[in-house]
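Report on the structure given below.
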Amino acid sequence: MTLQPPAPAPAGVPPLHGEPLPLEFSNTVFPVRGELRDGIGTPERLGWWLSANGGRLKTDLPAPALRALTPGDVAYFVLLRDALRRLVGAHVRGHAPDAWDVAQLNRASSLDRSWPLLCWAGEEPPTRVEMCTTTPLAAVQAEIAHAAIALLSGTSPAEPRACRAPGCVFFFDHARSRREWCSTGCGNRARVARHHARRRAAG
Ligand SMILES: [Zn+2]
1 MTLQPPAPAP AGVPPLHGEP LPLEFSNTVF PVRGELRDGI GTPERLGWWL
51 SANGGRLKTD LPAPALRALT PGDVAYFVLL RDALRRLVGA HVRGHAPDAW
101 DVAQLNRASS LDRSWPLLCW AGEEPPTRVE MCTTTPLAAV QAEIAHAAIA
151 LLSGTSPAEP RACRAPGCVF FFDHARSRRE WCSTGCGNRA RVARHHARRR
201 AAG
């Protein structure tokens with residue numbers, strides 16, 4: 001999918017990949033000249049990222065809620081993102097997970113307090129209305145956690161993989177692209193690295 005990033009972007013926001021939501025969220029850590037940066041580590045960056053991904057979130061995040069983000073809100077999203085990155089990493093490498101990370105994901109999942117209501121009275125046709133008693137920010141964390149649980153338990157069609165290009169830290173959905181890399185740029189870098197390795201071996 002193609003994401004429309006909102007403008008203007010504050011400095012240090014992560015690249016957008018259009019991956020399934022849990023992988024896109026995991027990819028908010030990114031390398032710059034060999035150093036890892038946190039693309040949602042400030043209220044401005046997190047607000048930008050949530051706004052950029054707003055079109056595919058069920059939760060409605062009004063602009064005033066995004067402008068009112070606090071460092072405390074950021075800490076909860078970073079906690080969830082870091083746990084999710086480690087869980088996706090364990091999944092793609094076939095390793096056992098850390099129980100703390102599973103607990104963090106399940107904590108976020110349980111933040112959801114929504115249910116459908118049937119509104120039907122008199123002659124009007126029946127309609128379904130979503131009730132929600134949690135804050136939009138908690139609901140978004142729960143939404144990401146629900147999608148992550150589907151991804152990690154194999155109940156979503158996505159096939160998470162780690163990009164094989166040298167120095168890349170991104171995850172991608174292999175079912176979507178059938179590539180071994182997160183992007184064309186990483187595919188080119190991986191091919192160049194393989195070419196140099198062959199030349200070194202031959203020389
Ligand atoms: Zn990559």
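full-length UniProt numbering puts the first residue of the sequence shown at 1, with every later residue one more than the last. Think of the CB as a built atom: it goes at the ideal place given N, C-alpha and C, for glycine as much as any other residue.
Classify residue i as helix, strand or coil using the three-state DSSP reduction.
| i | result |
| --- | --- |
| residue 130 | strand |
| residue 162 | strand |
| residue 186 | helix |
| residue 206 | Nothing in the structure corresponds to residue 206, since the chain is present only between 1 and 203. |
| residue 98 | coil |
| residue 112 | coil |
In or out: residue i buried (at least 16 other Cβ within 10 Å) or exposed?
| i | result |
| --- | --- |
| residue 160 | buried |
| residue 106 | exposed |
| residue 28 | buried |
| residue 110 | exposed |
| residue 153 | exposed |
| residue 185 | exposed |
| residue 94 | exposed |
Taking the alpha-carbon positions, what's the residue i to residue j distance?
| i | j | result |
| --- | --- | --- |
| residue 172 | residue 124 | 46 Å |
| residue 30 | residue 78 | 14 Å |
| residue 32 | residue 127 | 49 Å |
| residue 61 | residue 174 | 30 Å |
| residue 35 | residue 113 | 38 Å |
| residue 122 | residue 55 | 35 Å |
| residue 151 | residue 7 | 30 Å |
| residue 25 | residue 130 | 25 Å |
Segments of 4+ residues assigned as alpha helix (DSSP H) that fall wholly inside the region 20 to 49: 21 to 26
Runs of alpha helix (DSSP H) wholly within the region 47 to 80 (minimum 4 residues, chain order): 63 to 67
Residues proximal to ligand 1 by C-beta, any heavy atom closer than 6 Å: 163, 165, 168, 170, 181, 182, 183, 186
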